[in-house]
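So the sequence shown is numbered by this note's numbering: it starts at 13 and just counts up by one. Cβ atoms here follow ideal geometry from the backbone N, Cα and C, with glycine treated the same way.
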Amino acid sequence: MHTRTSVRAWAVVAALGLSATTPLAAAHAEGAGPSTGTPTGNPSGTPTGSASTAGSPGDIVTSEPSSFHPLPGQPTNTRAWKIHYRSTTAKGEPNTVSGTVIVPQDGRKGPRPLITYAVGTVGVGDHCAPSAGFPKGTTLEANLIQQLTLRGWAVAVTDYEGLGTPGDHTYTVGRAEGQAVLDAARAAIRLPGTGLGKDTPVGIMGYSQGGQASSWAAELHGSYAPDLDVKGTATGGIPGDLLKVAKFNDGLYGSGLIFMAAIGQNAAFPELNLDSYLNPEGRKLIGALRNSCVADGSVLGSFKTIASMTTKNPLEQPDWKQRLNESRVGTVKPDAPVYQYHALGDELIPYSVGKQVREDWCGRGANVEWHTVPVGEHVSGVITQSPFAAQWLAERFAGKGARSNC
13 MHTRTSVRAW AVVAALGLSA TTPLAAAHAE GAGPSTGTPT GNPSGTPTGS ASTAGSPGDI
73 VTSEPSSFHP LPGQPTNTRA WKIHYRSTTA KGEPNTVSGT VIVPQDGRKG PRPLITYAVG
133 TVGVGDHCAP SAGFPKGTTL EANLIQQLTL RGWAVAVTDY EGLGTPGDHT YTVGRAEGQA
193 VLDAARAAIR LPGTGLGKDT PVGIMGYSQG GQASSWAAEL HGSYAPDLDV KGTATGGIPG
253 DLLKVAKFND GLYGSGLIFM AAIGQNAAFP ELNLDSYLNP EGRKLIGALR NSCVADGSVL
313 GSFKTIASMT TKNPLEQPDW KQRLNESRVG TVKPDAPVYQ YHALGDELIP YSVGKQVRED
373 WCGRGANVEW HTVPVGEHVS GVITQSPFAA QWLAERFAGK GARSNC
């Protein structure tokens with residue numbers, strides 16, 4: 013591999029994952045941290061029955077002690093739990109999703125804010141789930157999450173549907189992601205020992221895949237989870253139009269995302285029958301990606317075209333187009349203010365795609381504070397904007413009015 017290609021491939025790793033990945037040799041290792049409390053539900057920490065036995069969306073199925081480390085062994089003065097909780101699929105059926113709840117141990121009395129945090133792309137293998145990396149200090153996005161816990165905020169981090177639980181991860185399926193994000197907040201509030209309650213103010217935050225997920229959560233809040241006291245959403249690098257993002261990346265160093273998204277859409281909608289479109293090379297690639305995190309997955313999939321992996325392009329078929337368009341962002345007005353940002357030089361998710369989300373939301377009367385990141389690209393966008401996004405959420409928690417610049 014040429015040096016330039018290698019650099020670009022690793023840029024994808026940083027930009028899309030925003031997360032260190034578990035080495036392949038540890039692909040099936042458990043991510044359990046030290047036991048520091050008493051589990052609820054099944055002590056093994058794994059779901060013991062169908063999701064329907066858990067009750068309502070956001071109900072806890074199981075919980076067990078975990079730990080939160082931005083770097084290996086780094087102390088954070090927090091208490092953490094790995095949870096399995098009830099949520100809902102894109103088709104409206106009950107499911108079980110895993111995640112992590114993190115609460116600062118700072119002696120704070122009374123209600124504290126809660127952030128339900130949507131991570132960027134980590135891959136589609138179960139061992140890539142954020143809950144697997146937090147105890148080991150291998151999730152780089154934990155450094156951004158630590159900015160929130162240092163403010164005294166609790167954080168709920170969903171693993172998303174099928175990431176760390178049975179079945180393929182429904183990667184890029186907006187409705188499933190948004191519901192998992194909202195239900196993670198519900199689960200954190202209902203989890204014993206967190207000190208959270210019905211009066212807990214909630215903020216939604218995410219970037220890249222997390223930008224899609226957090227945006228869908230913002231749009232779904234009023235209809236799906238009105239019980240949550242959502243004060244605002246900070247979201248960036250939004251892949252608001254999957255067809256445009258796929259066309260932009262086809263055959264380039266971000267093309268692995270297209271094939272991961274195909275796995276995710278097919279997981280949510282098996283009738284799409286992805287396998288029927290694949291040629292032998294495509295089947296080999298999809299098989300490898302199913303057990304890959306973003307680092308190895310991006311390298312495996314980079315510079316491959318859809319045409320070279322298929323006998324017929326599924327994205328040109330009406331049923332695939334319909335499902336991808338169902339995950340568009342901007343079709344519903346968020347009922348709480350939004351802080352949205354996008355890097356002008358984003359090399360993976362076109363600036364025009366993020367700007368269109370802003371225009372669609374503004375056209376529907378949403379309260380949107382839009383920021384163009386003039387210098388940098390995809391990964392630097394979240395690094396430079398994360399402190400500003402957190403401060404914006406702090407102002408919402410303080411009851412200050414949001415300034416729309418639609």
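### Query
If you draw a straight line from the C-alpha of Thr212 to the C-alpha of Ala273, how long is it?
Approximately 34 Å between the Cα atoms of the pair.
### Query
Out of curiosity, what's the CA-to-CA distance linking Ala406 and Asn325?
Near 46 Å, if we compare the C-alpha coordinates of Asn325 and Ala406.
### Query
Run through DSSP, which three-state label would Cys140 get?
Cys140 falls in the helix class under three-state DSSP.
### Query
Does the beta-carbon of Asp372 have 16 or more other beta-carbons within 10 angstroms, so that it is buried, or is it exposed?
The residue is buried, with at least 16 neighbouring Cβ atoms inside 10 Å.
### Message
Quick check: is any heavy atom of the ligand SAM less than 7 Å from the C-beta of Ser110?
### Response
For the structure depicted, the ligand SAM is absent and the ligand set is empty, with no information on it obtainable.
### Message
Count Cβ pairs between the stretch 185 to 193 and the stretch 100 to 107 that sit closer than 8 Å; are there 3 or more?
### Response
Short answer: they touch.
### Task
Work out the CA separation of Thr322 and Trp404 for me, nearest whole Å.
Near 45 Å, if we compare the C-alpha coordinates of Thr322 and Trp404.
### Task
Just the C-alpha distance for Thr384 and Glu328, rounded to the nearest angstrom, thanks.
Cα to Cα, the separation comes out at about 32 Å.
### Task
Measure the Cβ-Cβ separation of Ala280 and Gly222 and say whether it is below 8 Å.
Remark: C-beta atoms of Ala280 and Gly222 do not approach each other more closely than 8 Å.
### Message
Would Ile270 and Asn278 be called neighbours here (beta carbons separated by less than 8 Å)?
### Response
Not a contact, by the Cβ cut-off of 8 Å.
### Message
Using a Cβ-Cβ cutoff of less than 6 Å, which residues in the same chain neighbour Leu336 once the five nearest sequence positions on both sides are dropped?
### Response
Annotation for Leu336: Leu254 and Leu255 place their beta carbon closer than 6 Å to its own, counting only its chain and skipping 5 residues before and after.
### Query
Is it true that the stretch 78 to 97 meets the stretch 139 to 151, where meeting means three or more beta-carbon pairs spaced less than 8 Å apart?
Judged by Cβ distances under 8 Å, the stretch 78 to 97 makes contact with the stretch 139 to 151, as three or more pairs qualify.
#### Entry: Cβ-Cβ separation, Thr206 to Ser227 (assumed contact under 8 Å), whole Å
Actually they do not touch by this definition, with Cβ atoms about 26 Å apart.
### Query
If we call anything under 8 Å between Cβ atoms a contact, is Gly132 one with Tyr219?
Yes. Within cutoff.
### Query
Using 8 Å as the threshold, is the stretch 375 to 384 in touch with the stretch 341 to 358, meaning 3 or more CB pairs across them?
Touching, yes, given that three or more Cβ pairs across the two stretches are closer than 8 Å.
### Query
Would you report the Cα separation of Leu203 and Val73, rounded to the nearest angstrom?
Distance from the CA of Leu203 to the CA of Val73, rounded to the nearest whole angstrom, comes to 10 Å.
### Query
Of the choices Ala200, His233 and Val391, whose alpha-carbon is the least far from that of Ile95?
Distance from the Cα of Ile95 is smallest, within the candidate group Ala200, His233 and Val391, for Ala200.
### Task
With DSSP collapsed to three states, give me the class of Ile114.
Ile114 falls in the strand class under three-state DSSP.
### Euclidean distance between Cα positions of Pro59 and Gly357
In this prediction, Pro59 has a pLDDT of 47, which is less than 50 and means its spatial position is unreliable; nothing more can be read from the coordinates.
### Task
Tell me whether Thr177 is buried or exposed, calling it buried when 16 or more other Cβ atoms sit within 10 Å of its Cβ.
With 16 or more Cβ atoms within 10 Å of its Cβ, Thr177 is classed as buried.
### Query
Given Val369, which residues of its chain have a CB within under 8 Å of its CB, disregarding the five upstream and five downstream residues?
If the five residues before and after Val369 are omitted, its C-beta is found closer than 8 Å to the C-beta atoms of Ser227, Ile250, Gly252, Val341, Gly342 and Gln352, all from its own chain and listed in chain order.
### Query
Gln352 by DSSP, collapsed to three states: which one?
Taken through DSSP and simplified to helix, strand or coil, Gln352 comes out as strand.
#### Entry: For Pro123, the residue or residues it bridges with in DSSP
As computed with DSSP, Pro123 is found in no beta bridge at all.
#### Entry: Cβ-Cβ separation, Val113 to Ala168 (assumed contact under 8 Å), whole Å
About 5 Å separates the beta carbon of Ala168 from that of Val113, a gap short enough to meet the 8 Å contact definition.
#### Entry: Local conformation of Ala410 per DSSP, three classes
Here Ala410 sits in coil by DSSP.
### Query
Roughly how many angstroms separate the alpha carbons of Ala410 and Ala166, rounded to a whole number?
About 16 Å.
### Task
Quick one: grab the DSSP three-state call for Thr384.
Here Thr384 sits in strand by DSSP.
### Message
For Thr182 and Gly276, which I take to be in contact (beta-carbon distance under 8 Å), what is that distance rounded to the nearest angstrom?
### Response
Indeed, because the Cβ distance is near 5 Å, the residues count as touching under 8 Å.
### Inter-residue spacing [alpha-carbon to alpha-carbon] between Ala39 and Arg302
Model confidence at Ala39 stands at a pLDDT of 30, short of 50, so the residue's coordinates are unreliable; what they give is reported in the following sentence. Distance between the alpha carbons of Ala39 and Arg302: 12 Å.
### Message
Along the chain, where does the beta strand (DSSP E) containing Thr78 start, and where does it finish?
### Response
A quick correction: the sequence has Ser, not Thr, at residue 78. For Ser78, the enclosing beta strand (DSSP E) stretches over residues Ile72 to Ser78.
### Query
Trp228 lies in the alpha helix (DSSP H); which residues open and close that run?
First-last of the alpha helix (DSSP H) with Trp228: Gln221 to Tyr236.
### Message
So, at 7 Å on beta carbons, what are the nonlocal neighbours of Val115 in its own chain, with the 5 sequence-adjacent residues on each side left out?
### Response
In its chain, beyond the 5 residues on either side, Thr90, Arg91, Ala166, Thr206 and Gly207 have a beta carbon closer than 7 Å to the beta carbon of Val115.
### Query
How about Asp180 and Tyr97: do their beta carbons lie closer than 8 Å?
In this structure, Tyr97 does not lie closer than 8 Å to Asp180 by Cβ.
### Task
Assign Ala319 to buried or exposed, taking buried as 16 or more other Cβ atoms, counted over all protein chains shown, within 10 Å of its Cβ.
Flag for Ala319 reads exposed.
### Enclosing alpha helix (DSSP H) for Ala197 [first to last residue]
Per DSSP, Ala197 belongs to the alpha helix (DSSP H) from Gly186 to Arg202.
#### Entry: Buried/exposed call for Asn417, threshold 16 Cβ in 10 Å
Label assigned to Asn417: exposed.
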